[in-house]
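Note that the protein sequences, when read in sequence, are chains Z and A. Sequential numbering from 34 applies to the first sequence in this note's numbering. Sequential numbering from 34 applies to the second sequence in this note's numbering. Report on the following structure.
Protein chains: 2
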Amino acid sequence: MSELRQEEGWQLEESSAVYSLGDFALEEGYTLRDCKLAYATFGELNEAKDNAILITTWYSGTHQVFTDFYIGAEHALNPEKYFIVVINQIGNGLSSSPHNTADPHAMARFPHVRIGDDVRAQEQLLRERFGIEELQLVMGGSMGAQQTYEWAVRFPEKVKRAAPIAGTAKNTPHDFIRTEVLKEAITSDPAFRGGCYESSSEVRAGLARHARLWSVMGFSTEFWKREQWRALGFASADDFQVGFVDAYFEPMDPNNLLCMAWKWQRGDVSRHTDGDLAAALGSIIARTFVMSIDEDMFSPVRDCAAEQELIPDSELRVVESTGGHLGLFAFEPGYMQQIDRHLGDLLDSSGTAERRTR
Amino acid sequence: MSELRQEEGWQLEESSAVYSLGDFALEEGYTLRDCKLAYATFGELNEAKDNAILITTWYSGTHQVFTDFYIGAEHALNPEKYFIVVINQIGNGLSSSPHNTADPHAMARFPHVRIGDDVRAQEQLLRERFGIEELQLVMGGSMGAQQTYEWAVRFPEKVKRAAPIAGTAKNTPHDFIRTEVLKEAITSDPAFRGGCYESSSEVRAGLARHARLWSVMGFSTEFWKREQWRALGFASADDFQVGFVDAYFEPMDPNNLLCMAWKWQRGDVSRHTDGDLAAALGSIIARTFVMSIDEDMFSPVRDCAAEQELIPDSELRVVESTGGHLGLFAFEPGYMQQIDRHLGDLLDSSGTAERRTR
């Protein structure tokens, strides 16, 4: 895997690169040789190395969506003020993933990776590559929220503020079975052949079914009822599914998606506390805004709120979006204004360290 | 298709039979030869023939669930007071269906059937077989709600009261794509072979995926979180899925399910009014209780409430059940008490006819 190209036309002055962690031992007991993380940075790290923000990525996502929508001088995630690092999760196709890894771990032989592996890898990258020992903020959506929670529990002294969006610290039982159905849509395609396909395009039918499941649960019922795809330039619901949902998911590599899905199903910070979720969340010292999307069918506000109540210095901030879970893609007018307001409030607040010195 | 057996051990004195409508012309332009409706009756039709209640069935459902849970002297649907007829919808496996119909309409060649076809067939059965011209109540859940709405719009003078439960008069766009995904789970199984399988058990994999989709959307997120399957005698979520969800759906015939799914996707009373839903619902004269299940992910309260507001003499009655849409199966303690209370209130109220005579 070579350095990521600095693509032309990106809006921001961004530096993207790949960092090798060397051989990386995974929680499940396998060693990923020459484990690589792809990341993008925005802004400048100051002398004190204390102006860093970490953004984590979601299932199927890369740093690109943050480049395009979340980061900028007009946003709370302001690269003129902060040094912002977006790190692609293992398995997402840019960092070490089934499709870009050599044997013995190529393709379906790629080992199971856990959220904790990602977070340890990210911590190593930030420390070794940049000397960053403290983060003003860790934030991420969906699986990125899982990583955010993991950071706040695993490295409490390093996280001053945390903003998990549209995700939970412990994956819910419903989320588990829903993700199982996503996986089965892919693996049931005869062309999947146990993950030993020649080209991901062979698994097109399975990928299409996987995409359509996202249509059903990814948005809200109201999104479809109000025909909000019209504002995105589509002529019909089916046009939107073909041109947006299918087009987004179908080019992805099936084994990569399955790697992330397995990880997603098992996100659980209570692994640190023998299954005691209250103890794990109670140990968080970061100032935490639990941000939930009101129309999210994956991570309902109710589930997010129940976790927020277990975090000492926290607030529940509900974002209104009929985009539902996929509102995270920031396509709905008014969405980013809400995100900016909440993240702005959080960044303006005193984080953990200041509170401790008082 | 022979007479349904009077099965031993049924709780109620029930009479079940099959009525042949003869050749039945469908809205889509095909003629179903010797179209048969399977039905069950409870109680006695009085001399005036004015104590009848019609219950319609849902996707995958038969009259059995009403026999087991909804009808009885202790319920609002009291056979000591009313003559209750449950009519199985076309395609459900008991009435004329792909799997029990001879060519030219056997199996995948079974013609498309619409909700309006079912309702016309039901009206013919009630009139020809029993001389029933007026119904004290029409009620049904999910696809049964679609039939209930169709009755109230198509035969307003015959319906004194209507209770559509957990369903909509016009299928929602989200419901359409969700049902499409259900269909694709079956049709994508290579063993489905365009509907020309030898035995439905060959399509077991597709039926299993179809069942698991019901796991994801049929119940509520809270049902899984609270592990409410425990109360049903299962040891784990997977045990419940295998022993309850899979076991329920997997013996069904794929072509039958697809027949019902196509019909379900196109339920729409505004077909009577050139697409004007307000006009269609505004024409209902039955006293109508729109009954919605608070945790229903298929037919959210919001969607049901929007339709209720368009019905002149109506009320919204929200049933609390973490069972979600499949709460209709009445497995949750307290569910039937709510249904009985609402149906009791409705049956105690003056229906259309009395109101008109005042």
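Here a beta-carbon is modelled for each residue, glycine too, at the ideal position from N, C-alpha and C.
Is the distance from the Cβ of residue i to the Cβ of residue j below 9 Å?
{"i": "residue 91 (chain A)", "j": "residue 176 (chain A)", "result": "yes"}
{"i": "residue 273 (chain Z)", "j": "residue 356 (chain Z)", "result": "no"}
{"i": "residue 128 (chain A)", "j": "residue 69 (chain A)", "result": "yes"}
{"i": "residue 2 (chain Z)", "j": "residue 124 (chain Z)", "result": "Residue 2 (chain Z) lies beyond the stretch modelled for chain Z, which goes from 34 to 391, so this question has no answer here."}
{"i": "residue 239 (chain A)", "j": "residue 220 (chain A)", "result": "yes"}
{"i": "residue 130 (chain Z)", "j": "residue 96 (chain Z)", "result": "no"}
{"i": "residue 114 (chain Z)", "j": "residue 165 (chain Z)", "result": "no"}
{"i": "residue 262 (chain Z)", "j": "residue 277 (chain Z)", "result": "yes"}
{"i": "residue 281 (chain Z)", "j": "residue 312 (chain Z)", "result": "no"}
{"i": "residue 173 (chain Z)", "j": "residue 306 (chain Z)", "result": "no"}
{"i": "residue 237 (chain Z)", "j": "residue 283 (chain Z)", "result": "yes"}
{"i": "residue 335 (chain A)", "j": "residue 254 (chain Z)", "result": "yes"}
{"i": "residue 372 (chain Z)", "j": "residue 198 (chain Z)", "result": "yes"}
{"i": "residue 358 (chain Z)", "j": "residue 331 (chain Z)", "result": "yes"}
Kindly indicate which three-state DSSP category residue i falls into: helix, strand or coil?
{"i": "residue 116 (chain Z)", "result": "strand"}
{"i": "residue 383 (chain A)", "result": "coil"}
{"i": "residue 330 (chain Z)", "result": "coil"}
{"i": "residue 63 (chain Z)", "result": "coil"}
{"i": "residue 5 (chain A)", "result": "Residue 5 (chain A) lies beyond the range of chain A shown here (34 to 391); nothing can be said about it."}
{"i": "residue 197 (chain A)", "result": "strand"}
{"i": "residue 173 (chain A)", "result": "strand"}
{"i": "residue 135 (chain Z)", "result": "coil"}
{"i": "residue 259 (chain Z)", "result": "coil"}
{"i": "residue 254 (chain A)", "result": "helix"}
{"i": "residue 318 (chain A)", "result": "coil"}
{"i": "residue 69 (chain Z)", "result": "strand"}
{"i": "residue 41 (chain Z)", "result": "Residue confidence is low: residue 41 (chain Z) scores 39 on pLDDT, short of 50, so the model does not pin down where it sits. Its coordinate-derived value is still stated next. Looking at residue 41 (chain Z) - three-state DSSP - the assignment turns out to be coil, as it is neither helix nor strand."}
{"i": "residue 57 (chain A)", "result": "strand"}
{"i": "residue 355 (chain A)", "result": "coil"}
{"i": "residue 78 (chain A)", "result": "coil"}
{"i": "residue 343 (chain Z)", "result": "coil"}
{"i": "residue 93 (chain Z)", "result": "coil"}
{"i": "residue 127 (chain A)", "result": "coil"}
{"i": "residue 325 (chain A)", "result": "strand"}
Would you say the beta carbon of residue i comes nearer than 8 Å to a heavy atom of the ligand ZN?
{"i": "residue 308 (chain A)", "result": "The ligand ZN is not among the ligands present in this structure, which contains no ligands whatsoever."}
Among residues of its own chain, excluding the 5 on either side of residue i, which ones have a beta-carbon nearer than 8 Å to its beta-carbon?
{"i": "residue 40 (chain A)", "result": "Any answer about residue 40 (chain A) is weak, because its pLDDT of 42 lies below 50 and its placement is not dependable; what the coordinates show is given next. Cβ neighbours of residue 40 (chain A) beyond the five flanking positions: none."}
{"i": "residue 319 (chain A)", "result": "171, 185, 189, 192, 193, 194, 195, 346, 384 and 385"}
{"i": "residue 368 (chain A)", "result": "352, 354, 356 and 360"}
{"i": "residue 289 (chain Z)", "result": "124, 125, 126, 130, 131 and 132"}
{"i": "residue 229 (chain Z)", "result": "140 and 141"}
Return the chain-ordered list of same chain residues with a C-beta closer than 6 Å to the C-beta of residue i, the five sequence neighbours on each side being excluded.
{"i": "residue 67 (chain A)", "result": "53"}
{"i": "residue 349 (chain A)", "result": "323, 338 and 341"}
{"i": "residue 179 (chain Z)", "result": "148, 200 and 300"}
{"i": "residue 55 (chain Z)", "result": "none"}
{"i": "residue 310 (chain Z)", "result": "203 and 303"}
{"i": "residue 363 (chain A)", "result": "102 and 369"}
{"i": "residue 85 (chain Z)", "result": "116, 165 and 168"}
What residues in its chain sit with their C-beta under 7 Å from that of residue i, if we drop five residues either side in the sequence?
{"i": "residue 104 (chain A)", "result": "45, 75, 110, 112 and 117"}
{"i": "residue 216 (chain Z)", "result": "291 and 294"}
What residue range is occupied by the uninterrupted alpha helix (DSSP H) comprising residue i?
{"i": "residue 314 (chain A)", "result": "310-315"}
{"i": "residue 153 (chain A)", "result": "148-163"}
{"i": "residue 302 (chain Z)", "result": "Where residue 302 (chain Z) is concerned, there is no enclosing alpha helix (DSSP H), given that its DSSP letter is neither H nor E."}
{"i": "residue 216 (chain A)", "result": "206-220"}
{"i": "residue 249 (chain A)", "result": "237-251"}
{"i": "residue 270 (chain Z)", "result": "270-273"}
Within the continuous beta strand (DSSP E) that includes residue i, where are the two ends?
{"i": "residue 85 (chain Z)", "result": "85-89"}
{"i": "residue 349 (chain Z)", "result": "347-352"}
{"i": "residue 51 (chain Z)", "result": "47-53"}
Problem - Contact list for the segment 257-285 of chain Z against chain A, Cβ threshold 8 Å - result: 257, 258, 260, 270 and 274
Practice task
Please name the residues in the segment 144-173 of chain Z whose beta-carbon is closer than 9 Å to at least one beta-carbon of chain A, in chain order.
Solution key: none
Handout entry: Proximal residues, the segment 222-244 of chain A versus chain Z, C-beta separation under 7 Å
Key = 223, 238 and 242
Handout entry: Interface residues of the segment 196-220 of chain A facing chain Z [CB-CB below 9 Å]
Key = 205, 206, 207, 208, 209, 210, 211, 213, 214, 217 and 218
Practice task
Could you please tell me which residues of the segment 317-342 of chain A, in chain order, have their CB closer than 8 Å to any CB of chain Z?
Solution key: 330, 333, 335 and 336
Practice task
Closer than 8 Å, Cβ to Cβ, to anything on chain A: give me those residues from the segment 294-316 of chain Z, in chain order.
Solution key: none
Exercise for the section: Taking only beta carbons into account, state which residues of the segment 179-193 of chain A come closer than 7 Å to chain Z, listed in chain order. Expected result: none
Exercise for the section: Using a Cβ-Cβ cut-off of less than 8 Å, list which residues of the segment 74-108 of chain Z approach chain A; keep chain order. Expected result: none
Handout entry: Chain-ordered residues of the segment 106-137 of chain Z with a beta carbon less than 9 Å from chain A
Key = none
Practice task
Below 7 Å between beta carbons is the criterion; list the residues of the segment 349-370 of chain A that meet it against any residue of chain Z, in chain order.
Solution key: none
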